[in-house]
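Before any comments, here is the structure.
Residue numbers (my numbering), protein chains in the order written: chain A, 11 to 440; chain B, 11 to 440.
Structure below.
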């Protein structure tokens with residue numbers, strides 16, 4: 011086999027054979043095919059696409075580049091979730107323990123954030139002592155005893171994807187639905203879950219800006235999951251306006267704890283319950299029974315109990331105070347009116363500039379930094395009302411954060427229509 | 011500037027700015043932008059193309075990556091030719107001294123062959139003592155005194171093109187008209203010629219298989235030339251059937267000497283004269299005058315005299331016997347009939363396998379190896395007539411050469427239509 015022949019075949023719009031796909035992924039993982047050949051192949055794939063068969067083989071080859079975690083010792087039904095990422099998207103934090111509290115087992119292997127969308131691991135690291143590195147054995151034990159882990163993916167989970175993901179970033183090949191789908195699904199399939207619910211974000215604060223693109227991505231991932239034997243469904247959810255009232259690592263943990271305590275912002279609670287229902291249904295559990303019902307498990311404290319057990323099992327102290335940023339600024343309303351627009355993207359940029367996110371993989375994040383907003387679309391405000399609080403450890407970061415927030419809110423006279431949180435559900439169609 | 015932004019702009023179908031193009035070519039030449047980023051950019055260019063302005067800037071940036079040779083001391087009109095390469099294409103050998111004999115100065119910087127199309131330097135190296143390395147000063151002096159040099163391009167001539175050319179080969183980005191055009195034209199413009207005639211080959215034995223593709227390539231190169239101040243025209247010429255009766259280094263030198271002696275195969279002589287006329291016209295010389303008339307200069311020995319002077323000036327011995335391969339095989343006709351087809355590509359493969367060409371840049375070539383054919387399309391043959399002679403220094407190469415030739419000739423009953431040698435002339439259109 012020759013890499014050039016494979017590149018040329020895809021470039022000219024031909025299908026790649028299963029053998030070609032397995033060979034190129036294997037060779038790249040081993041390092042016998044260099045970055046420049048994979049770079050031009052990725053651009054050709056971005057241009058020409060991959061059909062269902064190619065995509066299934068591509069994903070499987072990435073899984074086969076490492077280990078597939080064996081969770082067969084876990085007796086509860088295994089079900090995971092994945093979000094394509096959005097501003098203020100802290101849903102994994104209340105959702106995973108909630109599903110465990112309702113009888114599922116959630117092997118949530120997660121990642122760090124890059125750019126304006128935060129990462130679950132960064133948020134969890136706000137908790138004193140919490141350890142994100144578990145062995146496969148620890149993971150299986152904790153899933154059986156507590157029903158949930160949130161931890162980092164090991165180096166041997168889809169190593170081909172790690173190389174491809176890093177390369178795509180520098181060669182302008184991130185925005186390809188087959189490449190995005192296979193990247194996400196290879197890791198989720200390799201982690202050993204039986205069912206999977208995808209939260210595909212749509213809107214200004216998300217990677218996918220339009221419903222059409224998000225639907226295509228969701229359908230592609232659902233197809234990959236089913237072909238690999240993982241029962242997969244997807245919800246398309248709104249990310250024009252941010253979730254909850256906080257963006258930032260410790261700020262979002264605090265808000266998640268509110269939700270786990272049966273309170274919290276209505277949208278975060280609604281989406282958490284809705285995704286929990288989908289996960290429990292996918293896991294074959296009857297959510298009309300009290301022991302499997304997520305609304306009840308949030309309201310009676312069972313979900314919070316599981317959170318505390320999970321944090322302790324991973325070395326964390328759920329009682330420890332969360333980090334608070336050293337400095338704070340306020341933004342107040344200039345004039346009275348109705349909040350017609352609250353832009354998730356602008357708020358994400360502000361939080362990122364304040365230190366909540368990173369520009370490069372090697373950067374550290376600030377646990378306390380971020381933005382709290384005090385209004386939502388449709389709210390009435392008076393002149394002088396508090397709109398935003400900004401938090402940073404480094405005062406020099408406020409200028410950039412404040413600048414980003416100037417375009418984050420519009421105050422006008424027409425009350426905007428409320429947008430639904432869940433836009434569509436995507437299931438597998440043969 | 012960021013390479014990723016440039017890649018994404020081209021990927022999404024936007025024009026690149028002059029500044030972006032100059033920055034990326036300069037950074038790649040210096041090595042501060044790595045191969046993998048250029049690889050994906052090249053695939054995006056192959057996909058999206060470049061407009062006239064982008065292409066002019068891209069070509070100029072490649073020229074500016076090295077030196078532009080100063081030939082202003084040469085008082086004769088400078089005119090060069092370039093062929094896109096074909097099987098048995100020895101035209102440069104008689105053509106360059108012929109144009110010099112008619113009053114032009116021909117700075118023919120040439121290359122080695124790769125794959126089935128031979129390289130002028132490989133052919134010239136059949137001549138004992140001949141030296142392909144000249145300084146710029148030697149080049150200018152010889153152009154003034156003799157009117158022609160055939161030599162290797164120095165390392166400082168369009169070094170960006172050297173890197174890009176090698177990369178394109180391994181990342182499946184050879185077949186892009188903007189990339190081919192800018193590669194050829196950057197070297198020809200940098201060598202300092204004032205006028206240029208392009209021989210764009212079309213057909214089975216050429217890189218461009220269809221007239222439409224060849225015309226687009228020719229128009230693109232002619233446009234680049236004019237925008238850079240080089241008076242450029244192109245001929246599209248047939249390469250379905252090979253030129254002359256020989257393919258192989260020393261074999262083609264011998265055939266070229268026949269043409270320079272006023273004899274030789276009719277097609278080689280015709281194309282040599284036709285291209286000489288175009289070059290002399292482009293150089294502003296009146297070919298109706300005897301001193302500028304190429305037919306007369308071939309027939310009265312002036313062109314051969316210039317050849318002998320050029321070879322001697324570059325250390326070669328024009329009297330020395332040419333190398334002859336150690337071994338020879340014959341292929342004879344099985345049955346009587348008419349030659350309906352003689353395939354340039356198959357003959358090129360045979361010559362290459364016999365040792366006339368190289369598979370990798372580092373390989374040496376055999377001077378004596380190659381193929382001589384004794385028939386042309388439309389000829390009558392009897393059973394037992396000699397069709398091909400094969401020459402090789404290494405007997406083990408005959409099997410591969412003979413195998414390639416089994417598909418090179420078709421003998422049937424219908425006389426084929428003669429195909430014209432020159433298909434079209436392409437001039438600059440604003």
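By construction, the Cβ of each residue, glycine as well, lies at the ideal position given by its N, Cα and C atoms.
Values in this document were obtained by computation on a predicted structure and should not be read as measured data.
Problem set entry | Opening and closing residue of the beta strand (DSSP E) in which residue 14 of chain A lies | Per DSSP, residue 14 of chain A belongs to no beta strand (DSSP E); it is in the alpha helix (DSSP H), 13 to 21.
Exercise. What residue does the beta strand (DSSP E) around residue 92 of chain B start on, and which one ends it?
Worked result: 89 to 93
Exercise. Nearest to residue 400 of chain B by alpha carbon, out of B/84, B/387, B/258?
Worked result: Closest by alpha carbon: B/258.
For this session: Please compile the residues from chain A whose C-beta is within a distance smaller than 7 angstroms of the C-beta of residue 182 of chain B.
Result: 14, 17, 18, 21, 50
Problem set entry | Option nearest residue 245 of chain B by Cα separation, candidates B/173, B/229, B/361, B/73 | B/229
Exercise. Taking only beta-carbon atoms, is residue 57 of chain A less than 9 angstroms away from chain B?
Worked result: Chain B contact via Cβ: present.
Problem set entry | residue 106 of chain B: first and last residue of the uninterrupted alpha helix (DSSP H) it sits in | 102 to 111
Problem set entry | is_contact[residue 1 of chain A, chain B] using C-beta, thresh 9 angstroms | Residue 1 of chain A lies beyond the residue range present for chain A, which begins at 11 and ends at 440; the question has no answer from this structure.
For this session: Please confirm if residue 163 of chain A has its CB atom under 9 angstroms from at least one CB of chain B.
Result: no
For this session: Give the secondary structure of residue 146 of chain A by DSSP, where H, G and I count as helix, E and B as strand, and everything else as coil.
Result: helix
For this session: Can you say whether residue 45 of chain B is buried or exposed, counting buried as having 16 or more other CB atoms within 10 angstroms of its CB?
Result: Residue 45 of chain B comes out buried.
For this session: Spatial neighbours of residue 20 of chain A within its chain, please: CB distance less than 7 angstroms, with the 5 preceding and 5 following residues excluded, ordered by chain position.
Result: 26, 51, 54, 55, 58
Problem set entry | Residue environment, residue 303 of chain A, which counts as buried when at least 16 other CB atoms sit within 10 Å | buried
For this session: Could you check which residue in B/43, B/278, B/371, B/396 has the C-alpha nearest to that of residue 102 of chain B?
Result: B/278
For this session: Could you check the C-alpha separation between residue 200 of chain A and residue 61 of chain B for me, to the nearest Å?
Result: 45 angstroms
For this session: Can you give me, in chain order, the residues of the region 173 to 202 of chain A that have a beta carbon less than 7 angstroms from any beta carbon in chain B?
Result: 177, 180, 181, 182, 183
Problem set entry | Three-state secondary structure (DSSP) of residue 397 of chain A | Strand at residue 397 of chain A.
Exercise. Going along chain A in order, which residues have a C-beta closer than 8 angstroms to the C-beta of residue 441 of chain B?
Worked result: With chain B running from 11 to 440 in the structure shown, residue 441 of chain B is simply not present.
Exercise. Roughly how many whole angstroms lie between the Cα atoms of residue 347 of chain B and residue 247 of chain B?
Worked result: 28 angstroms
Problem set entry | Residue span of the alpha helix (DSSP H) that contains residue 236 of chain B, given as start and end | 221 to 237
For this session: Mind checking who residue 383 of chain B pairs with in its DSSP beta bridge?
Result: B/398
Exercise. What residues in its chain sit with their C-beta under 6 angstroms from that of residue 377 of chain A, if we drop five residues either side in the sequence?
Worked result: Cβ within range, chain order: 136, 259, 260, 333.
Problem set entry | Cβ neighbour criterion (16 or more within 10 Å) applied to residue 406 of chain A | exposed
Exercise. Would residue 170 of chain A count as contacting chain B if we go by Cβ distances under 9 angstroms?
Worked result: no
Problem set entry | Identified DSSP bridge partners for residue 257 of chain A | A/381
Problem set entry | residue 289 of chain B, DSSP secondary structure in three states | In the three-state reduction of the DSSP assignment, residue 289 of chain B falls in the helix class, which pools H, G and I.
Problem set entry | Residue burial classification, residue 331 of chain B (beta-carbon count within 10 angstroms, cutoff 16) | exposed
Exercise. Would residue 323 of chain A pass as a contact of residue 155 of chain A if the rule is Cβ separation under 9 angstroms?
Worked result: yes
Exercise. Hey, is the region 261 to 271 of chain B in contact with the region 141 to 156 of chain B, meaning 3+ C-beta pairs nearer than 8 angstroms?
Worked result: no
Exercise. Going by C-alpha distance, which of B/176, B/70, B/289 is nearest residue 435 of chain B?
Worked result: B/289
Exercise. Out of curiosity, what's the CA-to-CA distance linking residue 152 of chain A and residue 159 of chain A?
Worked result: 7 angstroms
Problem set entry | Segment limits, alpha helix (DSSP H) that includes residue 207 of chain A | Looking at the DSSP string, residue 207 of chain A is not in any alpha helix (DSSP H); the run it does join, the beta strand (DSSP E), is 205 to 212.
Problem set entry | Contact residues within the region 205 to 228 of chain B, judged by C-beta distance below 7 angstroms to chain A | none
Exercise. Using a Cβ-Cβ distance under 9 angstroms, would residue 54 of chain B count as near chain A?
Worked result: yes
Exercise. Per DSSP, which one or two residues make a beta bridge with residue 162 of chain A?
Worked result: A/120
Exercise. When we look at the beta-carbon of residue 365 of chain A and count the other beta-carbons within 10 Å, is it buried (16 or more) or exposed?
Worked result: Per the 10 Å Cβ criterion, buried.
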